[in-house]
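Peer 1: If you read the sequence shown in UniProt numbering, its first letter stands for residue 1, the second for the next number, and so on.
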Amino acid sequence: MTIGCPECGALEDIPPLPARAAAYCHVCRCPLERRSGRSIDGAFACATATFVLLFPANLSPLMTVHILGTGHSSVLASGLVSLTQEGWVLLAVMLGISGVALPFIRFGALCIVLGAIRFGQTFRGIGAMYRWALWLDPWTMPDVFLVGCFVGYSRVTQNLTSTVGPGGYCFIAAGFLSMLTRAALDRRAVWRAIGAENQPVADESTLACSACDMMLPTSCEGLPCPRCGLKLQARKPDAIARATALSLAALVLAIPANLFPMTISTQLGRDVPVRIVDGVGQLFSAGLWPLGILIFCTSIAIPFAKIFGMAWFVTSVRRRSRRHLRAKSHLYRLIDELGRWSNVDVFTIVAFVPLIQLDGVASARAGPGATAFALVVFLTMAASRSFDPRLMWDVLPEDGHE
Numbered sequence: 001m002t003i004g005c006p007e008c009g010a011l012e013d014i015p016p017l018p019a020r021a022a023a024y025c026h027v028c029r030c031p032l033e034r035r036s037g038r039s040i041d042g043a044f045a046c047a048t049a050t051f052v053l054l055f056p057a058n059l060s061p062l063m064t065v066h067i068l069g070t071g072h073s074s075v076l077a078s079g080l081v082s083l084t085q086e087g088w089v090l091l092a093v094m095l096g097i098s099g100v101a102l103p104f105i106r107f108g109a110l111c112i113v114l115g116a117i118r119f120g121q122t123f124r125g126i127g128a129m130y131r132w133a134l135w136l137d138p139w140t141m142p143d144v145f146l147v148g149c150f151v152g153y154s155r156v157t158q159n160l161t162s163t164v165g166p167g168g169y170c171f172i173a174a175g176f177l178s179m180l181t182r183a184a185l186d187r188r189a190v191w192r193a194i195g196a197e198n199q200p201v202a203d204e205s206t207l208a209c210s211a212c213d214m215m216l217p218t219s220c221e222g223l224p225c226p227r228c229g230l231k232l233q234a235r236k237p238d239a240i241a242r243a244t245a246l247s248l249a250a251l252v253l254a255i256p257a258n259l260f261p262m263t264i265s266t267q268l269g270r271d272v273p274v275r276i277v278d279g280v281g282q283l284f285s286a287g288l289w290p291l292g293i294l295i296f297c298t299s300i301a302i303p304f305a306k307i308f309g310m311a312w313f314v315t316s317v318r319r320r321s322r323r324h325l326r327a328k329s330h331l332y333r334l335i336d337e338l339g340r341w342s343n344v345d346v347f348t349i350v351a352f353v354p355l356i357q358l359d360g361v362a363s364a365r366a367g368p369g370a371t372a373f374a375l376v377v378f379l380t381m382a383a384s385r386s387f388d389p390r391l392m393w394d395v396l397p398e399d400g401h402e
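What follows is the structure in structure tokens.
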């Protein structure tokens, strides 16, 4: 079967692969298909288990803090309610969508698609549903939320006694199973089960669907893809303008995100603002240096690497540079995959703020830097998703390209 590489546009003929094999683009080395540890049955089982566990994870107590003989519990939505009550509505909506609502939508859709394929009951619109399930993948963050809860739990237990509730154990299981679902999902096998690949005619000009990589004649441009329903286009429209605007907006917001406090703790009547760098320092001072390194990478290194990486890609396309194309493609894959993990710090706030509401002793609330930082993460993710990496490779001769 012949497909178009989603990162460089090269035409690749992929033969049926045995177990534990993988296929890579011969031009940019993008992984096109992996068989090791991937199966429709395994992904269906993991997705179904994740979807079921999300219900008790959202409804049962996550953690309980014990002080002076009393306990103070929180559920997954407690932090979102606290943010709304404090006036940070935009932050609460953004985190609620990615941490609570989208996991139900994505894993519910994935269960329907994989179950229909598993039991041979495909239906009209299954390609569009699967396309949306894949599109929602980077924006669905139960695994990121889980790491944020772990960091918040580690902070709370430095000074208070706390226990993990039944909802916490369900959420831990759901977070791990969501990662297993991503690892076990054989995307190419699912697309083949939904609809067979087209074999392009020799010497015929072709284009690839940017969602399912199906090869079609260029005469089909502007029509919906017969397999996934996406409007067929040779390249993403206005990719450079959109990526540039979103990256510049993220760069501007990165200044208040790092200068203003992410949280404000009140201890014995005194407010203590905590910026991103302060939080990293506190983790190192408490001996939690692995978590300090994690927060430094996700909250400082990765966001700025994404912004400057996007600047490099856009400049490369505008200057029609042929230098380091493979390195730029590899970096694009890296920042597109790691971008979602920058939300660990803001999910940490959602996890531990509702637990530190001890009247007369201590309390915590979100600061103005939290909303700015969440917007930086959203804008950098949107910039990488709107950019078309194939534009960087269009400077090469068209031989072997769509």
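Note that beta-carbon positions come from the ideal geometry of N, C-alpha and C, so glycine has one too.
So the alpha helix (DSSP H) A395 belongs to, where does it begin and stop?
Peer 2: A small fix is needed here, since residue 395 is Val in this sequence, not Ala. Premise fails: V395 is in no alpha helix (DSSP H) and is neither H nor E.
Peer 1: Would you kindly work out how many angstroms separate the C-alpha atoms of W88 and V272, rounded to a whole number?
Peer 2: Spanning the two alpha carbons is a distance of roughly 19 Å.
Peer 1: For G339, tell me which candidate among D213, P138 and V65 has the shortest Cα-Cα distance.
Peer 2: If we check each option's Cα against that of G339, P138 comes out closest.
Peer 1: Helix, strand or coil: how does DSSP classify P18 here?
Peer 2: DSSP places P18 in coil when its eight states are reduced to three.
Peer 1: Going by DSSP in three states, D271 sits in which element: helix, strand or coil?
Peer 2: Strand.
Peer 1: Any contact between the region 15 to 26 and the region 144 to 161? By contact I mean 3 or more CB pairs, one from each, below 8 Å.
Peer 2: Counting Cβ pairs under 8 Å, fewer than three are found: no touch.
Peer 1: Specify whether the region 307 to 316 and the region 243 to 263 touch according to this definition: at least 3 beta carbon pairs, one from each stretch, less than 8 Å apart.
Peer 2: Enough Cβ pairs lie closer than 8 Å, so yes.
Peer 1: Distance, Cα to Cα, L54 vs H324?
Peer 2: Rounded to the nearest angstrom, the two C-alpha atoms are 43 Å apart.
Peer 1: Does the count of Cβ pairs from the region 117 to 126 and the region 211 to 224 closer than 8 Å reach three?
Peer 2: Judged by Cβ distances under 8 Å, the region 117 to 126 makes no contact with the region 211 to 224, as fewer than three pairs qualify.
Peer 1: Mind listing, in chain order, the continuous beta strand (DSSP E) runs of no fewer than 3 residues lying wholly within the region 268 to 353?
Peer 2: Runs of the beta strand (DSSP E) inside the region 268 to 353: 270 to 274.
Peer 1: Along the chain, where does the beta strand (DSSP E) that runs through P217 open and close?
Peer 2: It spans M215 to P217 - the beta strand (DSSP E) in which P217 sits, taken as one unbroken run.
Peer 1: Of the residues V75, L391, L230 and V274, which one's Cα is nearest the Cα of Y332?
Peer 2: For Y332, the nearest C-alpha among the options comes from L391.
Peer 1: Rounded C-beta distance between A174 and A57? I'm assuming under 8 Å.
Peer 2: With 8 Å as the limit, A174 and A57 qualify as a contact, their Cβ atoms being about 5 Å apart.
Peer 1: Do G167 and L59 have their CB atoms nearer than 9 Å?
Peer 2: Yes, Cβ-Cβ distance for G167 and L59 is below 9 Å.
Peer 1: Just to confirm my understanding: we take G108, look at its own chain, exclude 5 residues before and 5 after, and list those with CB closer than 8 Å. What are they?
Peer 2: So the qualifying residues of the chain are F51.
Peer 1: Measure the C-alpha to C-alpha separation of S205 and C220 and round it to an integer number of angstroms.
Peer 2: Between S205 and C220, the C-alpha separation is close to 11 Å.
Peer 1: Buried or exposed for K328, going by 16 or more other Cβ atoms inside 10 Å?
Peer 2: By the 10 Å Cβ count, K328 comes out buried.
Peer 1: Suppose the cutoff is 6 Å on Cβ atoms and the five residues either side in sequence are ignored; what does the same chain contact list for I112 look like?
Peer 2: For I112, where only same-chain residues beyond five positions count, there are no Cβ hits under 6 Å.
Peer 1: Tell me where the beta strand (DSSP E) around D13 begins and ends.
Peer 2: It spans L11 to D13 - the beta strand (DSSP E) in which D13 sits, taken as one unbroken run.
Peer 1: CB-CB under 7 Å to A49, same chain, minus the five flanking residues each way: which ones, in chain order?
Peer 2: Answer for A49: L177, listed in chain order.
Peer 1: Could you name each continuous alpha helix (DSSP H) segment of 4 residues or more that falls completely within the region 92 to 133, going from the start of the chain to the end?
Peer 2: If we require 4 residues or more, the alpha helix (DSSP H) runs fully inside the region 92 to 133 come out as 102 to 118.
Peer 1: State buried or exposed for D399, treating a residue as buried only when at least 16 other CB atoms are found within 10 Å of its CB.
Peer 2: Reliability fails at D399, whose pLDDT of 49 lies under 50, so the model's placement of it is uncertain and the value that follows must be treated cautiously. So D399 counts as exposed.
Peer 1: Taking the alpha-carbon of G369 as reference, which of W191, Q233 and P256 has the nearest alpha-carbon?
Peer 2: Measuring from the Cα of G369, the nearest candidate turns out to be P256.
Peer 1: Thinking I349 and M262 are a contact (beta carbons under 8 Å), I'd like their distance in whole angstroms, please.
Peer 2: Indeed, because the Cβ distance is near 7 Å, the residues count as touching under 8 Å.
Peer 1: Just to confirm, is the Cβ distance from D345 to F373 under 9 Å?
Peer 2: Yes, the pair counts as a contact, with Cβ atoms nearer than the cut-off.
Peer 1: Considering only their Cβ atoms, is the gap separating H66 from T140 smaller than 9 Å?
Peer 2: Their beta carbons are not under 9 Å apart, which means T140 does not touch H66 by this criterion.
Peer 1: Does T161 pass the burial test, meaning 16 or more other C-beta atoms within 10 Å, or should it be called exposed?
Peer 2: T161 should be labelled exposed.
Peer 1: Please report how far the alpha carbon of D13 lies from the alpha carbon of N198, in whole angstroms.
Peer 2: Taking the straight line from one Cα to the other gives about 11 Å.
Peer 1: Determine contact between the region 27 to 36 and the region 94 to 106, defined as no fewer than three beta-carbon pairs at a distance below 8 Å.
Peer 2: Contact between the region 27 to 36 and the region 94 to 106 is absent, because fewer than three Cβ pairs lie under 8 Å.
Peer 1: Going by beta-carbon coordinates alone, are I264 and G367 separated by less than 9 Å?
Peer 2: Taking 9 Å as the Cβ cut-off, I264 and G367 qualify as a contacting pair.
Peer 1: What is the DSSP secondary structure of P226, counted as helix, strand or coil?
Peer 2: Three-state DSSP puts P226 in coil, outside helix and strand.
Peer 1: Please state the DSSP three-state secondary structure of M63.
Peer 2: If DSSP states are grouped into helix, strand and coil, M63 belongs with the strands.
Peer 1: Mapping DSSP to helix, strand and coil, what is I264?
Peer 2: I264 falls in the strand class under three-state DSSP.
Peer 1: How should P103 be labelled, buried or exposed, when 16 other C-beta atoms within 10 angstroms of its C-beta is the threshold for buried?
Peer 2: Label assigned to P103: buried.
Peer 1: List the DSSP bridge partners of residue 406.
Peer 2: Any question about residue 406 goes unanswered here, given that the chain covers just 1 to 402.
Peer 1: What three-state label does DSSP hand S78 in the structure shown?
Peer 2: Three-state DSSP puts S78 in a helix.
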